[in-house]
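Structure, as structure tokens:
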Amino acid sequence: MLPGLAAAAAAHRCSWSSLCRLRLRCRAAACGSSDLQEWQNLVTLGSFSNIVPCCTLNQVKLYSTNVQKEGQGSQTHKMEKVPSFDEAAENIGAELKAPLIKQEPLQVRVKAVLKKREYGPKYTQNNFITGVRAMNEFCLKSSDLEQLRKIRRRSPHEDTESFTVYLRSDVEAKSLEVWGSPEALAREKKLRKEAEIEYRERLFRNQKILREYREFLGNTKPRSRTTSVFFKGPGKVVMVAICINGLNCFFKFLAWIYTGSASMFSEAIHSLSDTCNQALLALGISKSVQTPDPTHPYGFSNMRYIASLISGVGIFMMGAGLSWYHGVMGLLNPQPIESLLWAYCILAGSLVSEGATLLVAVNELRRSARAKGMSLYKYVMESRDPSTNVILLEDTAAVLGVTIAATCMGLTSITGNPLYDSLGSLGVGTLLGVVSAFLIYTNTEALLGRSIQPEQVQRLTELLENDPSVRAIHDVKATDLGLGKVRFKAEVDFDGRVVTRSYLEKQDFDQMLQEIQEVKTPEELETFMLKHGENIIDTLGAEVDRLEKELKKRNPEVRHVDLEIL
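Just so we're aligned: the sequence shown equals residues 1 to 566 in our numbering.
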């Protein structure tokens, strides 16, 4: 039986229940059948399997038995001592509790992380405020500001390098000290607002009285810059055209009254519309040179385009419309024409005068186009000088109109058929309609915001990209504001290393190293980084100012530069 037990143990070494059955068989010789049946029931019900986990056989010491037969009816059993079940269970539990692999102790490094700050409304009290805003918004006097801390900051204006600012918290505290409470300060603001409105109303009344006084006694004010623009450039061309077209209009109306010619009527209307439009151009020129104000920070240079646009509409409605109307009425109701001798003389004089005005306009446009490095045709087509363009086109149309009118009147005089004269009126009206359409289109394009020449944009972009502190340029926009003024805008990707190095070149390295060695805690490191970080941001702002000044210096037509940090 014992060799059978050894074979059974080898077959069931992976199961605790098998081990229990093995132990039960070992005790079969010493235990009764009832005890053996009780142990078998325990194993069958699985009580041991819930107490001790499964294990292998080599964790239990087994002992074999030697059986010797001595005679036929007797047997001697020699059996080594087998450990008890409780001892075996304790040994198994001890081995299970022993660690399978020797583990090294874990070392955890904790990072020092600054606590995230919540920036509330009180943090904005560290903002800076200028002296003018402090006096206007908090109702303070200049003497009140002398007692506050003064901070010198980089100026955003071109004419000054730095200016004085104050902490907003200091200004607010000073205003409460002066006025006593926020309610008193609010009442004072309201009173000052009402006083300002009253002052503006009084100023308007005084200006009205002054205008009436000037109209009564005459204006003895010295000549201003506004009137000087009419003695050179486009203003000179416009004034010459007004004088010549005014005389032409007067004499053409006399010729029309004398002859009754439809073509002469169209020419008289043509000269009248030219005179009115050129007076409108003169108004636009005078407005365009006004100094920019807070309401119009970029000035009034677009007034020339607006005046030219209105002029184009006026030519279409007044010149072309009336010429077509008179031509159609002449075709429907032809009237005999009187002697055309005086009409020919007036047309000849008009041809000479209009030709002279045309020559003045062409010379001015050539000079301006040469200064811009453009051809005359391209300069005219892009309407770079709207006022002179209008004069050029109107005088060209006038010369062609005089030619058409003289030709049709000659045919009428030769054939005696007044229909040729009416056709001449329609031809002049069509010519004026084409000119007005061109003026409306070109000036509308200019008012919508036209870009400058691609060569100019490339030159400005290369100037920025060749700077060491700039990595790349994106979203470049260069808009023509009129009167040779350009607004340039670009997104600039700065090289942070170059900007930081520019800041470090102005620092004392020994002092900075000493400050670094004194840093022991995260709070001290934060203070050190905040100090130099703010200074580096100021250095970046100074780099932006330097690039803007460089652009304006090398390109005088660039008046407004907006460089946005990417």
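Beta carbons are placed, not taken as given, at the ideal position from N, Cα and C, and that holds for glycine.
Computed from a prediction, not measured in an experiment: that's the story for all the values here.
DSSP three-state label for residue i, please.
i, result
"Tyr325", "helix"
"Phe300", "coil"
"Lys489", "strand"
"Val476", "strand"
"Thr164", "strand"
"Ile209", "helix"
"Asp510", "helix"
"Thr130", "strand"
"Ser422", "helix"
"Leu448", "coil"
"Leu566", "coil"
"Leu481", "strand"
"Val470", "strand"
"Val390", "helix"
"Arg154", "strand"
"Val561", "strand"
"Asp395", "helix"
"Asp144", "helix"
"Arg554", "helix"
"Asp495", "coil"
"Asp385", "coil"
Determine whether the beta carbon atoms of residue i and residue j lie at a separation below 8 Å.
i, j, result
"Leu309", "Asn443", "yes"
"Ala398", "Leu347", "no"
"Leu463", "Ala490", "no"
"Leu140", "Ser175", "yes"
"Gly429", "Trp256", "no"
"Leu460", "Ala472", "no"
"Thr527", "Ser502", "no"
"Lys287", "Ser271", "no"
"Leu365", "Thr396", "no"
"Ile285", "Gly355", "no"
"Leu439", "Tyr305", "no"
"Cys276", "Gly314", "yes"
"Ile452", "Gly424", "no"
"Thr164", "Ile151", "yes"
"Phe138", "Leu191", "no"
"Ser469", "Ala320", "no"
"Asn302", "Gln278", "no"
Can you list, in chain order, the residues of its chain with a C-beta nearer than 6 Å to that of residue i? Leave out the 5 residues immediately preceding and following it.
i, result
"Ile391", "Val237, Ala241, Ala361"
"Ser422", "Ala262, Gly327, Gly330, Leu331"
"Leu351", "Val402"
"Phe567", "Because the chain spans 1 through 566 in this model, residue 567 falls outside it and cannot be assessed."
"Met318", "Ser273"
"Arg450", "Asp480"
Nearest CA to the CA of residue i: which residue from the options?
i, options, result
"Tyr298", "Ala490, Asp510, Leu481", "Leu481"
"Met264", "Gln278, Asn248, Asn277", "Asn248"
"Gly484", "Tyr420, Val558, Asp508", "Val558"
"Val434", "Val171, Phe316, Lys150", "Phe316"
"Ile516", "Lys506, Glu505, His532, Ser502", "His532"
"Tyr258", "Pro294, Ser502, Tyr344", "Tyr344"
"Ser368", "Ser266, Val380, Leu359", "Val380"
"Trp342", "Ser413, Pro468, Gly314", "Ser413"
"Tyr441", "Lys208, Leu283, Thr403, Ser311", "Ser311"
"Asn535", "Tyr199, Glu505, Ile404", "Glu505"
"Leu280", "Thr291, Pro292, Met239", "Met239"
"Gln290", "Arg497, Asp467, Phe300", "Phe300"
"Ala282", "Cys243, Asp293, Pro294", "Cys243"
"Asp467", "Gly541, Arg546, Glu445", "Arg546"
"Phe494", "Met512, Tyr199, Ile537", "Ile537"
"Glu455", "Gln278, Met374, Leu513", "Met374"
"Leu358", "Tyr377, Arg370, Glu394", "Glu394"
"Leu145", "Leu203, Ser162, Ala173", "Ala173"
Please list, in chain order, all residues of the same chain as residue i whose beta carbon is under 7 Å from its beta carbon, the five residues on each side excluded.
i, result
"Glu523", "none"
"Leu419", "Leu331, Pro334"
"Gly401", "Glu267, His270, Val428, Leu431"
"Pro386", "Arg304, Tyr305, Ser308, Asn443, Ala446"
"Asn555", "Leu460"
"Gly541", "Arg154"
Below 8 Å CB to CB, which residues in the same chain sit around residue i once its five sequence neighbours on both sides are set aside?
i, result
"Val544", "Val492, Leu563, Ile565"
"Glu548", "Val561, Leu563"
"Arg149", "Tyr166, Leu167, Asp170"
"Val519", "Leu525, Phe528"
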